[in-house]
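Trainee: Here's a structure for you.
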Amino acid sequence: MSSSVLRQKMALFSLMFLPGFAWSSWITRTPLIRDTLHASTEVFGLILFGFSCGSMVGILWSGKLINKYGIRRVTLAGFMLLAIGFLLLAVALLLANQPVAFCALALFGMGMTALNISINLHFGIIISLTALTLALQFTHMPWASALVAEQHSENRSYKAQVIHELKDARLMLLGVVILAMALAEGSANDWLPLLMIDAHGFSHTSGSLFFVGFAAGMTVGRFAGGYIVNQFGRTAILKFSVISAALGLGLIILTHMQWLAALAVILWGIGASLGFPLTISAAGATDENRAVRVTLAAILGYIAFLVGPPALGFIGEHAGLRIAMLPVLCMVILAFFCTSVAREKKPR
Numbered sequence: 091m092s093s094s095v096l097r098q099k100m101a102l103f104s105l106m107f108l109p110g111f112a113w114s115s116w117i118t119r120t121p122l123i124r125d126t127l128h129a130s131t132e133v134f135g136l137i138l139f140g141f142s143c144g145s146m147v148g149i150l151w152s153g154k155l156i157n158k159y160g161i162r163r164v165t166l167a168g169f170m171l172l173a174i175g176f177l178l179l180a181v182a183l184l185l186a187n188q189p190v191a192f193c194a195l196a197l198f199g200m201g202m203t204a205l206n207i208s209i210n211l212h213f214g215i216i217i218s219l220t221a222l223t224l225a226l227q228f229t230h231m232p233w234a235s236a237l238v239a240e241q242h243s244e245n246r247s248y249k250a251q252v253i254h255e256l257k258d259a260r261l262m263l264l265g266v267v268i269l270a271m272a273l274a275e276g277s278a279n280d281w282l283p284l285l286m287i288d289a290h291g292f293s294h295t296s297g298s299l300f301f302v303g304f305a306a307g308m309t310v311g312r313f314a315g316g317y318i319v320n321q322f323g324r325t326a327i328l329k330f331s332v333i334s335a336a337l338g339l340g341l342i343i344l345t346h347m348q349w350l351a352a353l354a355v356i357l358w359g360i361g362a363s364l365g366f367p368l369t370i371s372a373a374g375a376t377d378e379n380r381a382v383r384v385t386l387a388a389i390l391g392y393i394a395f396l397v398g399p400p401a402l403g404f405i406g407e408h409a410g411l412r413i414a415m416l417p418v419l420c421m422v423i424l425a426f427f428c429t430s431v432a433r434e435k436k437p438r
């Protein structure tokens with residue numbers, strides 16, 4: 091490997107690590123943030139929705155801004171938005187102001203999307219496990235995929251391609267898997283520390299450490315993903331991922347033993363690590379309309395990121411966070427019966 095390629099690789103890892111580190115550094119403090127803001131579980135879900143709203147704005151505008159101002163400027167703007175979002179969140183905590191916290195997370199979401207899209211475009215990595223290895227966050231793939239839609243080069247109009255692909259039953263079944271695995275990953279990123287504290291009785295410090303365990307499971311899965319997929323095939327590993335996530339979620343919901351809950355978090359992380367990127371890869375494994383298929387699949391996954399925080403917060407407020415994880419578990423179980431459509435096509 092040449093020194094130039096090595097420098098670019100290290101730059102990629104650094105740029106991917108920083109947004110993930112920023113995300114995980116605040117998500118581990120969600121119990122304290124919720125208490126400081128005097129927010130109920132339902133209201134806190136709406137505050138988390140600010141991140142989803144900001145992310146959507148970033149998706150809609152990042153590609154256009156990159157075309158107009160260039161990758162470097164958009165990357166710098168993304169880091170600035172992250173910094174401003176953090177400062178505004180600190181102000182929100184000092185004032186115990188919930189609307190300000192919502193705005194802070196919206197800026198954070200915009201910055202995160204701007205960074206991920208610009209970095210992916212610069213390094214030419216759209217659908218790869220490597221790009222996700224150090225980004226301990228749930229958001230990367232849909233943002234990158236959304237950018238692809240702006241770069242389609244098929245002969246038919248984009249609208250016609252979309253209508254054609256929406257009639258594909260295989261793509262819709264893959265969408266179910268993507269929706270379920272995105273919800274499994276996103277629910278942990280949003281609610282895991284609070285779940286361990288409120289439902290399992292852990293201390294604030296221990297609850298935060300459980301997110302570290304989840305992130306460790308995600309990292310192990312994504313580091314090992316390329317090798318094990320080559321060894322056992324995409325469909326087999328996708329089935330394993332779904333089973334692992336379902337087992338972890340089931341244990342989290344049912345168990346009252348803290349050591350078993352710790353094991354469940356790791357299983358949850360390992361299962362969530364590969365489900366989403368593998369299904370996106372399966373959606374794009376075609377000879378025509380690849381960009382359209384990937385984008386449509388990613389949009390289905392992004393629905394989970396938008397709807398998940400407020401919906402789970404509402405259920406958690408009225409029935410508890412354990413029960414709030416039941417819809418997630420049901421979706422993952424449903425996804426298991428759809429995983430066969432991810433099977434690689436045999437060459438003729």
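Here the sequence shown is numbered in the working numbering, starting from 91 and rising by one per residue.
The C-beta atom is built at its ideal place from N, Cα and C for all residues, glycine as well.
Quick caveat: nothing in here was measured; it's all calculated off a predicted structure.
Relative to the C-alpha of residue 441, which candidate in 370, 126, 141 has its C-alpha closest?
Mentor: Lying outside 91 to 438, the shown extent of the chain, residue 441 is not represented and no answer is given.
Trainee: Expressed to the nearest angstrom, what Euclidean distance is found between the alpha-carbon atoms of residue 161 and residue 118?
Mentor: Rounded to the nearest angstrom, the two C-alpha atoms are 30 Å apart.
Trainee: Quick one: grab the DSSP three-state call for residue 257.
Mentor: Three-state DSSP puts residue 257 in coil, outside helix and strand.
Trainee: Touch check for the segment 360–369 and the segment 310–320: three-plus C-beta pairs under 8 Å?
Mentor: Judged by Cβ distances under 8 Å, the segment 360–369 makes contact with the segment 310–320, as three or more pairs qualify.
Trainee: Within the chosen definition, does the segment 126–142 reach the segment 397–413 through at least 3 CB pairs nearer than 8 Å?
Mentor: Contact holds: three or more Cβ-Cβ distances are below 8 Å.
Trainee: Rounded to the nearest angstrom, what separates residue 418 and residue 265 at their Cα positions?
Mentor: Distance between the alpha carbons of residue 418 and residue 265: 15 Å.
Trainee: Helix, strand or coil: how does DSSP classify residue 198 here?
Mentor: Residue state, collapsed to three classes: helix.
Trainee: Near residue 197, what residues of its chain come up, given a Cβ to Cβ distance below 7 Å and the 5 sequence neighbours on each side ignored?
Mentor: Within the same chain, residue 197 has close Cβ partners 144, 171, 174, 175, 178.
Trainee: Once the 5 residues before and after residue 430 are set aside, which same chain residues still bring their CB inside 7 Å of it?
Mentor: Correct list, in chain order: 325.
Trainee: Would you call the segment 405–422 and the segment 270–288 in contact, with 3 or more CB pairs under 8 Å?
Mentor: Verdict: yes, contact present.
Trainee: Comparing C-alpha positions only, which one of 124, 155, 208 sits nearest to residue 187?
Mentor: Taking only the C-alpha atoms, the option nearest residue 187 is 124.
Trainee: What residue from 328, 263, 104, 108 has the CA that sits closest to residue 390's CA?
Mentor: Among 328, 263, 104, 108, the Cα nearest to that of residue 390 is on 263.
Trainee: Does the distance from the CB of residue 297 to the CB of residue 121 come in under 8 Å?
Mentor: Contact flag set, yes.
Trainee: Quick one: grab the DSSP three-state call for residue 187.
Mentor: Three-state result, residue 187: coil.
Trainee: Could you tell me if residue 281 is buried or exposed, where buried requires 16 or more neighbouring beta carbons within 10 angstroms of its beta carbon?
Mentor: Result: buried.
Trainee: Return the chain-ordered list of same chain residues with a C-beta closer than 6 Å to the C-beta of residue 109, the five sequence neighbours on each side being excluded.
Mentor: Excluding sequence neighbours, residue 109 sits near 202, 205.
Trainee: Just confirm the distance between the C-beta atoms of residue 335 and residue 274, as a whole number of angstroms; I'd bet it's less than 8 Å.
Mentor: Right, the Cβ-Cβ distance comes to about 5 Å (below 8 Å), so this counts as a contact.
Trainee: Grouping DSSP H, G and I as helix and E and B as strand, with all else coil, what is residue 345?
Mentor: Here residue 345 sits in coil by DSSP.
Trainee: Might you give, ordered along the chain, the residues of its own chain that have their beta carbon closer than 8 Å to the beta carbon of residue 130, omitting 5 neighbours on each side?
Mentor: Here the set comprises 407.
Trainee: Give the C-beta separation of residue 439 and residue 293 to the nearest angstrom, bearing in mind that I take them to be a contact with Cβ-Cβ under 8 Å.
Mentor: No answer is possible for residue 439: the residues shown for the chain start at 91 and end at 438.
Trainee: The alpha helix (DSSP H) that contains residue 72, what's its start and end?
Mentor: This structure cannot settle anything about residue 72, because the visible part of the chain is limited to 91 through 438.
Trainee: Taking the beta carbon of residue 392 as the centre, do at least 16 other beta carbons fall within 10 Å, making it buried, or is it exposed?
Mentor: Residue 392 is buried by the Cβ-count criterion.
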